[in-house]
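Following our numbering, the numbering of the sequence shown begins with 846 at its first residue and continues without gaps.
Every residue gets a Cβ at the ideal spot worked out from N, C-alpha and C, and that includes glycine.
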Amino acid sequence: MIACRRPTISIARRFFTSTSKQHRNETSALFLNAARLDYDQQLDFSSWHSICENVVLNRVDAIRDADEMLQLLHQHQPTIVLAKEMAIPAAVVEQFPSSVRLICEAGTGYNNWPIAVARSKGIPVCNVPTYSTDAVAHMAITYLMNFAVSMFDQQRMLQNNDRSNFTGPFTLPLHEVGHQTLGLVGGAGRIGTKVAEIALALGMKKVIISSRQPTLPEGHSLYNHPNVECTTDINYLLQNSDYVSLHTPLNDQTRRSFGHQQMEQMKPTAFLINTSRGGVCHEEELIQCLEERVIQAAGLDVTTTEPPPPDSKLWQLPNRI
């Protein structure tokens, strides 16, 4: 995991192309919630000093108070502002000190930043598109493989001291993935492509990728692959997949876009996997579909609110992981 957290410095260095001592003396960085990235205190931030005279690491997981954010910003007057998976209110960016020249999301996506407000102030916003590509793809495949052999259900039975699956007829389904199809919603990007490559290495029968284009572009690693199909018809993907994995960014067009209507198109034996953003799913409708067994189960690496509220049904549903 340390390796996948390192690219942030290279993104900033591309923006600040000058590495002269004078330029470095004028540049400072403020990481608003460094503990979110450096959760085990194993990261070495010393390379930041190649472009910054001063680097301030606010070692908290999150800041939820806008006044606290503004106090830090105006106290340190940074040139670069970084945050990781933390929503930054538009009102905060509107009051950024004039020193700020670059905003960096220390991960993927732009959904935590008010891009339009930053653009109106002439502040570029960048992210780290290669952050944890392998780790997230491995997570999606881990869900898939565990669902295939009912691993979660078997472990739950044993934790409840229920050994009937070992002493009587085998009651939980087992699936060989070589006979199954994986559907990737918005899966032509880095993470979706990595998931597809691993799935194909495991021998899955087919991978269906939904895209705005009917074919993958030439040069794509899966272009013209005999076991990969690209489609603009998401209903076709949903109807023909044994596992559906979401890989869309979260924006105004995708927010709460995957709900009851989409899950009704899935096979009742199919599994949903979400490692993209929790807000892509219509969470209330997802819960209803799981309760009604519209689909078999869901593997959720992300939720709309993380963690879900204490009274959320997601904590109790037996067919959500």
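- Taken through DSSP and simplified to helix, strand or coil, residue 997 comes out as helix.
- With a 10 Å radius around the Cβ and a threshold of 16 neighbouring Cβ atoms, residue 1013 comes out exposed.
- Residue 1138 has its alpha-carbon roughly 18 Å from the corresponding atom of residue 1157.
- Shown here for residue 984: same chain residues with a beta carbon closer than 7 Å to its own, the five before and five after excluded, namely 1120, 1146 in chain order.
- Residue environment: residue 1025 is assigned as buried (16 or more neighbouring CB atoms within 10 Å of its CB, all protein chains considered).
- One thing to note: residue 1092 has its Cβ within 7 Å of the Cβ of residue 1032.
- Short of 8 Å from the beta carbon of residue 1041, and not among the five residues preceding or following it, lie these beta carbons of its own chain, in chain order: 1027, 1029, 1032, 1052, 1054, 1067, 1073.
- In the DSSP annotation of this structure, the continuous segment of the alpha helix (DSSP H) that includes residue 879 starts and ends at 879-882.
- Contact between the region 960-975 and the region 931-948 is present: three or more C-beta pairs spanning the two stretches fall below 8 Å.
- Shown here, residue 951 sits in coil according to DSSP, grouped into three states, outside any helix or strand.
- In the DSSP assignment, the residues bridged to residue 874 are 900, 925.
- When beta bridges are read from the DSSP output, residue 1069 appears opposite no residue.
- It is roughly 14 Å from the alpha-carbon of residue 902 to the alpha-carbon of residue 892.
- At the C-beta level, residue 1082 and residue 1111 stay beyond 7 Å of one another.
- Contiguous beta strand (DSSP E) elements confined to the region 948-1032 occur at 1026-1030, taking only those with 3 or more residues.
- Burial is judged here by how many other beta carbons sit within 10 angstroms of a residue's own beta carbon; residue 1037 has at least 16 and is buried.
- Contact between residue 975 and residue 1035 is confirmed by a C-beta separation of about 7 Å, below the 8 Å threshold.
- Between residue 944 and residue 923 a beta carbon distance of about 6 Å is seen, short of the 8 Å cut, so the two are scored as contacting.
- Residue 1164 carries a coil assignment under DSSP once its states are collapsed to helix, strand and coil.
- Residue 938 carries a helical assignment under DSSP once its states are collapsed to helix, strand and coil.
- Annotated three-state conformation of residue 1144 is strand, per DSSP.
- Fully contained in the region 1050-1119 are the following beta strand (DSSP E) runs of length 3 or more, in chain order: 1051-1055, 1073-1076, 1088-1091, 1116-1119.
- In the DSSP annotation of this structure, the continuous segment of the alpha helix (DSSP H) that includes residue 1035 starts and ends at 1035-1046.
- DSSP places residue 1136 in the uninterrupted alpha helix (DSSP H) bounded by 1128-1136.
- The alpha carbon of residue 873 has as its nearest neighbour, out of 925, 994, 1152, the alpha carbon of 925.
- By the CB criterion at 7 Å, residue 877 and residue 911 fall outside the cutoff.
- DSSP, read as helix, strand or coil, puts residue 886 in coil.
- Between residue 971 and residue 900, the alpha-carbon positions lie close to 18 Å from each other.
- Non-local C-beta neighbours of residue 1124 in its own chain, meaning closer than 6 Å and more than five positions away in sequence, comprise 1095, 1100, 1149, ordered along the chain.
- As the crow flies, the alpha-carbon of residue 1056 is around 30 Å from that of residue 1152.
- By the criterion of a C-beta distance shorter than 8 Å, residue 1049 is surrounded in its chain by 1022, 1023, 1025, 1026, 1027, 1072, once the five residues flanking it on both sides are discounted.
- Under the three-state reduction of DSSP, residue 891 is assigned to helix.
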